[in-house]
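Asks:
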Amino acid sequence: SSVQDEAVDKSTFKKCNQIAFYRRQKLLHPGKSSYRALLDSVTLSDENVKFQIIHEENKVLLQVEICEIEGNIFRLKIDEASPLRARYKVRDVLIKEPSTQRLFVSQNEAGILVLSSVNEDYKLKVTANPFQIELQSKGETVLSMNSNGLLYFEHLQPPPSDRKPTAENEEAASDSSKEKQEDLGLWQEKFGSFLDIKAHGPSSVGMDFSLHAYDHVYGIPQHAEGLLLKNTSDGDAYRLYNLDIFGHKIHDKIGIYGSVPLLLAHKPNRTTGIFWLNSSETLVDISTKAVAEHGLSGSAAETAKQRAVPLTDVRWMSESGIIDVFLLMGPTAFDIFKQFAQLTGTQALPPLFSLGYHQCRWNYEDEQDVKAVDAGFDEHDIPYDVIWLDIEHTDGKRYFTWDKKKFQNPKKMQEHLRKKKRKLVVIIDPHIKVDPMYTLYSQAKDKGYFVKDRNGKDFEGICWPG
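If you read the sequence shown in UniProt numbering, its first letter stands for residue 1, the second for the next number, and so on.
So this is what it looks like as structure tokens:
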């Protein structure tokens, strides 16, 4: 292993097999889906098409909603038809509720529902049993959903202690040992010294997407990995989990600072995007393979000709929430980014000075250190625009303050830099030190701004301030 690898404490980061909902989802293998669409429940409106699907074993009903959004975008939502409580839905990512276009039913018979777009360029073919959806563009299948039967939806249940005894759940309790229940992590799971209690129980969701004739997929940042996403069949899935991760391996699928659940697939004549709108911890499995495409030759015997075409399967698995996915149909890469911006907003233009050279390290000790580094650039005639201070500049990690011993006159220091047309950036992290004498903490606590734990108390985590 490299020196860099040995500098990383791997025990502090979860592997996929240490994540309970991932272990549960992976018990479901590719095959025939247990879900069946109830096509007699179809309702149409100007905004969407709705119908229900049922799990053949547990008989839980799910509500499916499909809509077309202006600009070659389709949205698929799946939620419980009658949940025990409202499941979490992401509210602050879309800039507005998207404008929709009416879909038309062009077929609903023999277990097949076909929905057509206004201009009939796109069709959604819903197969009832087993439930799956194909999205076609001008007769060509671009992607299919649940074709591997990996639709997964844990319906909300009361805690075991609150359930009324029945023959069914008494038998289940006798069949399932406490050890097995803990291994599945249904109501709680432990990692190192951390105990994660699932107050509302298991609520994981997942679904598979097959991208036809694609073998190049990109996106789902952030990972310290190559641009082209790799097959995950021989190792861990790509993890989307925001973490202030101090040291990490390179060429690894572990999640780091940010998560954007947007995957792009590209081939010579089309680019397609999958935007999985779910803010909980998410794992993404990718498998690319060659499949045989069948066609009839012009010979009298009509012998079948075959050629290998790529197929990429993408399996999304999230800890909780609902299934809410946007299918960005491009068809060009430029169109994909325009469609994503249409949903989530455009990037703010950066200030001009931010495009210059920034000098940053962890950490400059004090005012004298800053002045020495600044003078060093002048001495060696190296242009730079910005110098950064890490969180050590604060009074004991109390953000928006200064360490008065090390930075006795921060205003004068900034004026010194400004005379040379240089700027100072100070890093502010989003964790607030618990200290009743710290004004920012006390005001936020009084106003009830902090995230609450399952008991309604302010959540206190462990980070740089303590």
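Beta carbons: idealized from backbone N, C-alpha and C, even for Gly.
In three-state terms, what does DSSP make of V64?
Replies: Looking at V64 - three-state DSSP - the assignment turns out to be strand.
Asks: Suppose contacts are defined by Cβ-Cβ distances below 8 Å. Is V284 in contact with I220 by that definition?
Replies: Result yes, Cβ atoms of V284 and I220 sit closer than 8 Å.
Asks: Should E154 be labelled buried (16 or more other beta-carbon atoms within 10 Å of its own) or exposed?
Replies: With 16 or more Cβ atoms within 10 Å of its Cβ, E154 is classed as buried.
Asks: How many angstroms separate the CA atom of G201 from the CA atom of Q188?
Replies: Using only the alpha carbons, I get a separation of about 8 Å.
Asks: Since W316 and Q359 should fall inside the 8 Å C-beta cutoff, what is the C-beta to C-beta distance between them, to a whole number of angstroms?
Replies: The Cβ separation is near 40 Å, so there is no contact.
Asks: Should C67 be labelled buried (16 or more other beta-carbon atoms within 10 Å of its own) or exposed?
Replies: By the neighbour-count rule (16 or more Cβ atoms within 10 Å), C67 is buried.
Asks: Could you name the residues of the same chain whose beta carbon sits closer than 8 Å to that of residue 483, not counting the 5 residues immediately before and after it, in chain order?
Replies: It is not possible to answer for residue 483, since the shown part of the chain is limited to 1 through 466.
Asks: I'd like to know if S82 contacts chain C, where contact means its C-beta is closer than 8 Å to some C-beta of that chain.
Replies: In the displayed structure, chain C is absent; only one protein chain is listed.
Asks: Counting beta carbon pairs with one atom in the stretch 71 to 83 and one in the stretch 332 to 349, are three or more of them shorter than 8 Å?
Replies: Verdict: yes, contact present.
Asks: Looking at C-alpha atoms only, which residue of N129, K59, L264 is the closest neighbour of residue 467?
Replies: Residue numbering for the chain in the displayed model covers 1 to 466; residue 467 lies beyond these limits and cannot be assessed.
Asks: When burial is assigned at 16 or more other CB atoms within 10 Å of the CB, is R398 buried or exposed?
Replies: It is buried - the Cβ of R398 has at least 16 other Cβ atoms within 10 Å.
Asks: P158 and L62 - do their beta-carbons sit closer together than 8 Å?
Replies: Against a cut-off of 8 Å, the Cβ pair of P158 and L62 comes out as no contact.
Asks: Going along the chain, which residues of its own chain have a beta-carbon closer than 6 Å to the beta-carbon of A237, five neighbours each way excluded?
Replies: C16, L283, V284, D285.
Asks: Per DSSP, which one or two residues make a beta bridge with E70?
Replies: None; E70 has no bridge partner.
Asks: Between the stretch 119 to 129 and the stretch 26 to 40, do three or more beta carbon pairs fall short of 8 Å?
Replies: Yes: the two stretches touch, three or more of their Cβ pairs being nearer than 8 Å.
Asks: Name the one or two DSSP bridge partners that S287 has.
Replies: According to DSSP, which records beta bridges pairwise, S287 is partnered with D313.
Asks: Between which residues of its own chain and E168 is the CB-CB distance below 8 Å, once the five residues before and five after are set aside?
Replies: Reliability fails at E168, whose pLDDT of 45 lies under 50, so the model's placement of it is uncertain and the value that follows must be treated cautiously. If we look at E168 and ignore the five residues flanking it on each side, it has no Cβ neighbours.
Asks: Check for me: the alpha helix (DSSP H) holding T344 runs from which residue to which?
Replies: From DSSP, the alpha helix (DSSP H) with T344 extends over 333 to 344.
Asks: Helix, strand or coil for D378? Go by DSSP, reduced to three states.
Replies: If DSSP states are grouped into helix, strand and coil, D378 belongs with the helices.
Asks: Suppose you measure from the CA of V105 to the CA of S45; what does that come to, to the nearest Å?
Replies: Whole-angstrom Cα-Cα distance: 11 Å.
Asks: Please say whether R24 and A199 have beta carbons closer to each other than 8 Å?
Replies: No; because the gap between Cβ atoms is not below 8 Å, this pair is not in contact.
Asks: Which residues share a DSSP beta bridge with T43?
Replies: Looking at the DSSP assignment, T43 forms a beta bridge with K50.
Asks: For V426, which of helix, strand or coil comes out of DSSP?
Replies: If DSSP states are grouped into helix, strand and coil, V426 belongs with the strands.
Asks: Which residues in the same chain have their Cβ closer than 7 Å to the Cβ of D429, if we skip the five residues on either side of it in sequence?
Replies: Counting only Cβ-Cβ distances below 7 Å, and skipping sequence neighbours, we find I391, Y399, W464.
Asks: Could you give the DSSP three-state label for A110: helix, strand or coil?
Replies: In this structure, A110 counts as coil in the three-state DSSP scheme.
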